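Asks: The structure's right below; bear with me while I get my questions together.
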Amino acid sequence: PQQIAQLESAVNQAETNYKNAKENYDRMKVLLDQGAISQQQFEGIELQYNVAKEQYESAKTQLTLTREKTAPESISAAQAQVKQAEAGVSAAKTALDNCFITSPIDGTVGAITATIGELASPGYPVATVGNLNSVEIQINVTEDRVNNLKTGQEAEVTVDAASDSIFKGKIVSISPFKDPRTQVYPVKILVPNEKSLLKSGMFARVELMVALYSEVVTVPEDAVVSFDGTKIIYTLEDGLAKANEVETGAASMGRIVITKGLKSGKEIIIEGQELITDGMRVKVEGRGDTK
């Protein structure tokens with residue numbers, strides 16, 4: 013503080029005066045002992061010496077007292093300055109950190125949507141980062157097949173753009189909710205992509221084994237008709253149409269498995285079912301049967 017600086021200057025001046033007075037006092041004392049000056053002259057010099065000494069001691073005492081008084085205030089002020097400086101450093105560090113955007117995942121930058129000088133706002137992406145070590149494929153499954161799938165089930169994926177290589181994947185999620193627009197269930201398949209052959213947006217074909225059958229009855233999918241939620245296949249018996257309530261399984265390449273309600277070798281009606289009823293006589297124009 014300014015007051016302490018002034019007192020320090022006063023102490024220095026008083027010390028100089030004291031030293032000069034003491035030198036003069038010592039010299040005059042020698043002269044007094046030699047009888048070169050009178051006692052009265054020496055007493056005047058001695059008085060000057062004592063005054064200079066008292067002034068020096070008084071200046072030192074004043075400086076010490078002032079320092080002791082102002083020390084706590086100085087410490088508090090210094091501590092406040094330190095806190096203020098720390099706050100400034102913290103704010104500067106935050107501002108510096110905000111200059112860098114860190115991706116929450118390891119990956120490759122696929123697109124940068126921000127421009128230099130643009131203000132980045134929450135909710136608006138500045139870049140797109142993708143990790144293609146594994147890729148996710150979404151397929152849509154109809155309600156009659158979705159219950160034949162389960163998470164962890166293996167899938168074979170073929171991508172034309174990847175030299176028709178076959179990739180092995182697994183089902184990682186099956187949505188319990190039907191898409192209201194497409195009326196199908198989204199199913200996601202995770203496929204390892206160590207060689208980075210698969211890219212975002214590529215078209216893929218997925219094969220899943222929904223069931224394994226041996227010696228089962230299959231019919232053309234068109235042979236199965238539904239009435240009020242009941243699945244029906246019409247068979248031909250003695251020239252008459254007979255309605256058979258059936259249960260179906262997996263379907264592939266235009267044919268569907270009949271798990272219940274129809275025996276192998278039966279003649280079935282595959283066209284015009286909407287025009288006939290149970291027991292109606294029908295005219296056969298072509299023949300086919302179950303397999």
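Heads up: take any position in the sequence shown, counting from 1, add 12, and you land on my numbering. Just so it is clear, CB atoms sit at the ideal spot from N, CA and C, and this is done for glycine as well. No experiment lies behind these values; they were computed from the predicted model shown.
Note down, in chain order, each residue of its chain lying with its Cβ closer than 7 angstroms to the Cβ of Gln74, except the 5 sequence neighbours on either side.
Replies: As a first step, residue 74 is located in the sequence shown; it is residue number 62 there, counting from the start. Contacts found: Leu19.
Asks: Tell me the DSSP secondary structure of Arg79 in three-state form.
Replies: Walking along the sequence shown from the start, residue 79 turns up at place 67. Note: Arg79 maps to helix in three-state DSSP.
Asks: State the Cα-Cα distance for the pair Ile282 and Val203, rounded to the nearest angstrom.
Replies: For the purposes of this step, residue 282 is taken as residue 270 along the sequence shown, with counting starting at 1. For the purposes of this step, residue 203 is taken as residue 191 along the sequence shown, with counting starting at 1. Answer to the nearest angstrom: the Cα atoms are 40 angstroms apart.
Asks: Just verifying my parser: in three-state terms, what is the DSSP assignment at Gln51?
Replies: Start at 1 with the first residue of the sequence shown, and residue 51 comes out as number 39. In this structure, Gln51 counts as helix in the three-state DSSP scheme.
Asks: Enumerate, from N- to C-terminal direction, the unbroken beta strand (DSSP E) stretches of 3 or more residues contained entirely within the stretch 154 to 178.
Replies: As far as the stretch 154 to 178 is concerned, its whole beta strand (DSSP E) runs of at least 3 residues are 166 to 171.
Asks: Using the Cα positions of Ala26 and Arg39, report the straight-line distance between them to the nearest angstrom.
Replies: The residue given as residue 26 occupies position 14 in the sequence shown. The residue given as residue 39 occupies position 27 in the sequence shown. Taking the straight line joining both Cα atoms gives about 20 angstroms.
Asks: Would you list the residues sitting across from Phe239 in a DSSP beta bridge?
Replies: Residue 239 sits at position 227 when you count from the first residue of the sequence shown. DSSP, once it has assigned bridges, lists Thr242 as partnering Phe239.
Asks: Between Tyr37 and Ile57, how many whole angstroms is the CB-CB distance? I'm expecting something under 8 angstroms.
Replies: Translated into the one-based positions of the sequence shown, residue 37 becomes position 25. Translated into the one-based positions of the sequence shown, residue 57 becomes position 45. Tyr37 to Ile57, Cβ: 6 angstroms. Contact.
Asks: Taking Asn159 and Ile117 to be in contact with their CB atoms under 8 angstroms, please state how far apart those CB atoms are, rounded to whole angstroms.
Replies: Residue mapping note: residue 159 aligns to position 147 of the sequence shown, counting from 1. Residue mapping note: residue 117 aligns to position 105 of the sequence shown, counting from 1. Their Cβ separation, rounded to whole angstroms, is 34 angstroms, which puts Asn159 and Ile117 out of contact at 8 angstroms.
Asks: Report all residues from its chain with a CB closer than 8 angstroms to the CB of Arg293; omit the five preceding and five following residues, and keep chain order.
Replies: To locate residue 293, count along the sequence shown from 1; it is residue 281. Hits under 8 angstroms: Gly251, Leu252 and Ala253.
Asks: Please confirm whether Leu144 has its beta-carbon closer than 8 angstroms to some beta-carbon of chain B.
Replies: The chain labelled as chain B is not found in the depicted structure, where only one protein chain is given.
Asks: With a CB to CB cut of under 7 angstroms and the five nearest residues on each side skipped, what residues in its chain are close to Ala173?
Replies: Sequence index remark: in the sequence shown, residue 173 carries index 161 (1-based). Excluding residues within five positions, the ones whose Cβ falls inside 7 angstroms are Met214.
Asks: Which value, in whole angstroms, describes the spacing of the CA atoms of Ser88 and Cys111?
Replies: As a first step, residue 88 is located in the sequence shown; it is residue number 76 there, counting from the start. As a first step, residue 111 is located in the sequence shown; it is residue number 99 there, counting from the start. C-alpha separation (whole angstroms): 35 angstroms.
Asks: Can you give the beta carbon distance from Ile183 to Val196, rounded, assuming they're within the 8 angstroms contact cut?
Replies: To locate residue 183, count along the sequence shown from 1; it is residue 171. To locate residue 196, count along the sequence shown from 1; it is residue 184. Wrong, their Cβ atoms sit about 15 angstroms apart, outside the cutoff.
Asks: Among residues of its own chain, excluding the 5 on either side of Lys180, which ones have a beta-carbon nearer than 7 angstroms to its beta-carbon?
Replies: Locating residue 180 in the sequence shown gives position 168, counting from the first residue. Result list for Lys180: Glu166 and Glu168, in chain order.
Asks: Between the alpha carbons of Phe189 and Lys162, how many angstroms are there, rounded?
Replies: Taking the sequence shown and counting its residues from 1, the one referred to as residue 189 is at position 177. Taking the sequence shown and counting its residues from 1, the one referred to as residue 162 is at position 150. Their Cα atoms are separated by approximately 15 angstroms.
Asks: So which of Ala216, Ile280, Asn152 and Gln67 has the shortest CA-CA distance to Asn24?
Replies: Here residue 24 is taken as the residue at index 12 of the sequence shown, counted from 1. Here the closest residue by C-alpha is Gln67.
Asks: Taking buried to mean at least 16 other C-beta atoms within 10 Å of its own C-beta, is Ala123 buried or exposed?
Replies: In the sequence shown, the residue the question calls residue 123 occupies position 111. Exposed is the call here.
Asks: Measuring only the C-alpha atoms, how far is Ile288 from Gly164?
Replies: Translated into positions along the sequence shown, residue 288 becomes position 276. Translated into positions along the sequence shown, residue 164 becomes position 152. For Ile288 and Gly164, the distance between alpha carbons rounds to 45 angstroms.
Asks: What does the Cβ neighbour count give for Leu210, buried or exposed, with the cut at 16 atoms within 10 Å?
Replies: As a position in the sequence shown, residue 210 is number 198, starting the count at 1. It is buried - the Cβ of Leu210 has at least 16 other Cβ atoms within 10 Å.
Asks: Under the three-state reduction of DSSP, which class applies to Ser88: helix, strand or coil?
Replies: Looking up residue 88 in the sequence shown gives position 76. Looking at Ser88 - three-state DSSP - the assignment turns out to be helix.
Asks: Please name the residue, chosen from Asp109, Ala22 and Asn256, that lies closest to Lys72 on a Cα-to-Cα basis.
Replies: Locating residue 72 in the sequence shown gives position 60, where the first residue counts as 1. The candidate whose alpha carbon is nearest that of Lys72 is Ala22.
Asks: Output the distance between the C-alpha atoms of Leu220 and Ile113, rounded to the nearest integer angstrom.
Replies: As a working note, residue 220 is residue 208 in the sequence shown. As a working note, residue 113 is residue 101 in the sequence shown. Going from the Cα of Leu220 to the Cα of Ile113 covers about 41 angstroms.
Asks: By the DSSP assignment, the beta strand (DSSP E) with Arg217 in it spans what residues?
Replies: By 1-based counting over the sequence shown, the position of residue 217 is 205. Unbroken beta strand (DSSP E) run through Arg217: Ala216 to Leu220.
Asks: Could you tell me the alpha carbon to alpha carbon distance between Gln96 and Asp109, rounded to whole angstroms?
Replies: Position 84 of the sequence shown, counting from 1, holds the residue named residue 96. Position 97 of the sequence shown, counting from 1, holds the residue named residue 109. When rounded, the distance between both Cα atoms is 20 angstroms.
Asks: Contact check, Val296 vs Leu274 under 8 angstroms by CB: the rounded distance?
Replies: In the sequence shown, residue 296 corresponds to position 284, counting from 1. In the sequence shown, residue 274 corresponds to position 262, counting from 1. Val296 to Leu274, Cβ: 18 angstroms. No contact.
Asks: Count the other CB atoms, across all protein chains shown, that sit within 10 Å of the CB of Ile178; report buried if there are 16 or more and exposed otherwise.
Replies: Taking the first residue of the sequence shown as 1, we reach residue 178 at position 166. Ile178 should be labelled exposed.
Asks: May I ask which residues mark the beginning and end of the beta strand (DSSP E) holding Ser264?
Replies: Residue numbering aside, residue 264 sits at position 252 when the sequence shown is read from its first letter. Per DSSP, Ser264 belongs to the beta strand (DSSP E) from Glu259 to Ser264.
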